[in-house]
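Chains as they are written, first to last, in our numbering: chain G, 3 to 219; chain Y, 1351 to 1576.
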């Protein structure tokens, strides 16, 4: 049994008097890909934001490698790659400038591989074009280029394939398989069907939603 | 700690690049500054004696409002495109990035205002003895305004219309800077020593420099968490 990287215990989250999930348990080990399922508005993004520490509106415990998240937060952040709903790509900067700043923020990204990563996501020749002149899919690809540069252990990806074409998705799937074979893990949400070759663990947020409204004091 | 310095430099460079690509935001505070100064003589009185009495306070109020106007954009675009989330998930200290962003912002607003200020002084018949006092007080005062404004900008970045709220939150903290800033100019005009006023402005700057980036960092966390 591989060591659990990220463990969530009895997570509870409430928003606008609606309980999104209650008693949610999750243990992500090395070499696993987890897909978070649920309908629109069921709390997938909220769960991912809680897991990576962006949102603090929850109750419950988070552990990184068995230690309480509060104590090892810095360690956790240095091993995390998060690509959110908003890709974190500045429209007024070029692909290269965007990636260079990301590398400065996250030492787990290898800046020497930036050029190669942009080639791999099909943005060769677009390095010097401001992102606002690119298509939605191309903008997304700037963010996804980080996957090729990352040395992070855990990838948390929120709808990474929005606006990405089929060939692009297949390439990223292959990359994720490579990542877990090297001992990494992935937690992601997507509404697209993933290739059946990927060993997938799933968790459905709706199963943890309480049906009746609960009122907190 | 070379990676930390690297981050400071990269952020500084990035924000300057961004500012120069959004030209309208760049010149907005300066134009506002000039408009206020040129409208006042028309609206109140073109009488040189009268204007030269108003000038110290007037230039300072215009500088304060121009800074306040420009604060809203400090974190706005980063919030909208998700860069702010990436920033908060960095293992590096957040206050450092905030400090770097404020420095870049100040260079293009506060410092620019300081450089243009003598021109306004001339337009408002500020006696030439007052010019050094004006420049020095703005040089020490505007960074404090930018730093305090950053806290307000960070707190309101998640709100759709945060502009008014920034003013309400930040104005009370701007008042001491305004008082000592314009008093310094007044003192310079009348030939009194400036040292006391400048020392107080410097003390406020030191305090803001030490505390504001940390407060703004915490405020950003709250805004993004919401």
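Quick reminder that beta carbons are idealized off the backbone N, C-alpha and C, glycines included.
Residue i burial status per 10 Å Cβ neighbour count (16 or more: buried)
| i | result |
| --- | --- |
| residue 72 of chain G | exposed |
| residue 109 of chain G | buried |
| residue 1576 of chain Y | exposed |
| residue 134 of chain G | exposed |
| residue 1543 of chain Y | exposed |
| residue 220 of chain G | Residue 220 of chain G is absent from the structure shown; chain G starts at 3 and stops at 219. |
| residue 181 of chain G | buried |
| residue 183 of chain G | exposed |
| residue 158 of chain G | buried |
| residue 1396 of chain Y | exposed |
| residue 1501 of chain Y | buried |
| residue 1567 of chain Y | buried |
| residue 18 of chain G | exposed |
| residue 218 of chain G | Confidence at residue 218 of chain G is low in this model, with a pLDDT of 44, below 50, so the placement of that residue should be treated as unreliable; the coordinate-derived value is given next. Classification of residue 218 of chain G: exposed, given that the 10 Å Cβ count is below 16. |
| residue 1393 of chain Y | exposed |
| residue 1455 of chain Y | buried |
| residue 1465 of chain Y | exposed |
| residue 118 of chain G | exposed |
| residue 1372 of chain Y | exposed |
| residue 48 of chain G | buried |
| residue 1398 of chain Y | exposed |
| residue 1514 of chain Y | exposed |
| residue 1385 of chain Y | exposed |
| residue 1364 of chain Y | buried |
| residue 214 of chain G | For residue 214 of chain G, the pLDDT reaches just 47, beneath the cut-off of 50, and the residue's location in the model is therefore unreliable, although a value from the coordinates is still provided. Residue 214 of chain G comes out exposed. |
| residue 172 of chain G | exposed |
Contacts of residue i in chain Y (Cβ-Cβ under 8 angstroms)
| i | result |
| --- | --- |
| residue 104 of chain G | 1436 |
| residue 99 of chain G | 1364, 1367 |
| residue 162 of chain G | Those within 8 angstroms of residue 162 of chain G in chain Y number zero; the least Cβ separation is about 13 angstroms. |
Proximal chain G residues relative to residue i, where beta-carbon distance stays under 8 angstroms
| i | result |
| --- | --- |
| residue 1468 of chain Y | None at all; the shortest Cβ gap to chain G is about 32 angstroms. |
| residue 1432 of chain Y | 86, 87, 88, 89, 90, 91 |
| residue 1368 of chain Y | 92, 94, 95 |
| residue 1496 of chain Y | Those do not exist, as residue 1496 of chain Y stays about 21 angstroms from chain G at its closest Cβ, beyond 8 angstroms. |
| residue 1420 of chain Y | The contacting residues do not exist; residue 1420 of chain Y stays about 17 angstroms from chain G at best. |
| residue 1585 of chain Y | Past the edges of chain Y, shown from 1351 to 1576, lies residue 1585 of chain Y, and the structure says nothing about it. |
Residue from the options with nearest C-alpha to residue i
| i | options | result |
| --- | --- | --- |
| residue 1301 of chain Y | Y/1427, Y/1389, Y/1488 | Chain Y is shown only over 1351 to 1576; residue 1301 of chain Y falls outside these bounds and no answer can be derived. |
| residue 1460 of chain Y | Y/1472, Y/1525, Y/1365, Y/1379 | Y/1379 |
| residue 1 of chain G | G/198, G/156, G/191 | One cannot answer for residue 1 of chain G here, as it falls past the ends of chain G, which runs 3 to 219. |
| residue 132 of chain G | G/200, G/209, G/173, G/93 | G/93 |
| residue 176 of chain G | G/200, G/88, G/26, G/90 | G/200 |
| residue 1490 of chain Y | Y/1478, Y/1399, Y/1531 | Y/1531 |
| residue 1422 of chain Y | Y/1496, Y/1533, Y/1562 | Y/1496 |
| residue 1410 of chain Y | Y/1546, Y/1535, Y/1436, Y/1540 | Y/1535 |
| residue 136 of chain G | G/11, G/16, G/51, G/165 | G/165 |
| residue 1401 of chain Y | Y/1563, Y/1465, Y/1476 | Y/1476 |
| residue 197 of chain G | G/52, G/208, G/170, G/11 | G/170 |
| residue 1446 of chain Y | Y/1498, Y/1514, Y/1354 | Y/1354 |
| residue 1463 of chain Y | Y/1414, Y/1388, Y/1516, Y/1570 | Y/1414 |
| residue 1527 of chain Y | Y/1537, Y/1548, Y/1352, Y/1360 | Y/1548 |
| residue 1573 of chain Y | Y/1367, Y/1503, Y/1479, Y/1357 | Y/1503 |
| residue 1424 of chain Y | Y/1498, Y/1381, Y/1443 | Y/1498 |
| residue 188 of chain G | G/120, G/113, G/65, G/156 | G/156 |
| residue 23 of chain G | G/66, G/106, G/30, G/39 | G/39 |
| residue 1546 of chain Y | Y/1533, Y/1540, Y/1565 | Y/1533 |
Under 7 angstroms by beta carbon: chain G residues contacting residue i
| i | result |
| --- | --- |
| residue 1574 of chain Y | 56 |
| residue 1356 of chain Y | 106 |
Partner residues on chain Y for residue i, Cβ-Cβ distance less than 7 angstroms
| i | result |
| --- | --- |
| residue 178 of chain G | Residues of chain Y passing the Cβ test: none, with the nearest at roughly 20 angstroms. |
| residue 76 of chain G | 1441 |
| residue 209 of chain G | The premise fails here: residue 209 of chain G is roughly 25 angstroms from chain Y at the closest Cβ pair, so nothing lies under 7 angstroms. |
| residue 159 of chain G | Here the premise fails: no neighbours, minimum Cβ distance about 13 angstroms. |
| residue 80 of chain G | 1441 |
Closer than 9 angstroms at the beta carbon, the chain Y residues around residue i
| i | result |
| --- | --- |
| residue 59 of chain G | 1575, 1576 |
Partner residues on chain G for residue i, Cβ-Cβ distance less than 9 angstroms
| i | result |
| --- | --- |
| residue 1371 of chain Y | 94, 95, 132 |
| residue 1353 of chain Y | 106, 109 |
Query raised in the report: Is the segment 96–104 of chain G close to the segment 137–154 of chain G, with three or more CB pairs under 8 angstroms?
Result: yes
Query raised in the report: Of all the alpha helix (DSSP H) runs that stay within the bounds of the segment 1472–1508 of chain Y, which reach a length of 4 or more residues?
Result: 1480–1506
**Report entry** Inter-stretch contact (C-beta, 8 angstroms, three-pair minimum) for the segment 64–80 of chain G and the segment 114–133 of chain G
**Finding:** no
Query raised in the report: Residue ranges of each alpha helix (DSSP H) run of no fewer than 4 residues wholly in the segment 96–134 of chain G, ordered along the chain?
Result: 97–107, 116–122
Query raised in the report: Would you call the segment 1504–1511 of chain Y and the segment 1478–1491 of chain Y in contact, with 3 or more CB pairs under 8 angstroms?
Result: no
Query raised in the report: Are the segment 1415–1425 of chain Y and the segment 1509–1524 of chain Y in contact at 8 angstroms, needing three or more beta carbon pairs?
Result: yes
Query - alpha helix (DSSP H) runs contained entirely in the segment 1418–1479 of chain Y, provided each spans 4 or more residues - result: 1423–1431, 1433–1438, 1444–1458, 1460–1473
Query raised in the report: Would the segment 1427–1442 of chain Y and the segment 1548–1555 of chain Y be scored as touching if the rule is three or more Cβ pairs under 8 angstroms?
Result: no
Requested in this report: Determine contact between the segment 1470–1481 of chain Y and the segment 1399–1406 of chain Y, defined as no fewer than three beta-carbon pairs at a distance below 8 angstroms.
Outcome: yes
**Report entry** Unbroken stretches of the alpha helix (DSSP H), 4 residues or longer, contained in the segment 137–172 of chain G
**Finding:** 138–151
Requested in this report: Identify every run of the alpha helix (DSSP H) within the segment 1502–1552 of chain Y, keeping only runs that are complete inside it and at least 4 residues long; order them along the chain.
Outcome: 1513–1540
Requested in this report: Would you list, in sequence order, the uninterrupted alpha helix (DSSP H) runs of no fewer than 4 residues that lie entirely inside the segment 69–94 of chain G?
Outcome: 75–80
Requested in this report: Only counting runs of 4 or more residues, tell me where the alpha helix (DSSP H) segments fall wholly within the segment 1360–1418 of chain Y, in order along the chain.
Outcome: 1373–1393
Requested in this report: Would you be able to state if there are at least three C-beta pairs under 8 angstroms between the segment 9–23 of chain G and the segment 49–62 of chain G?
Outcome: yes
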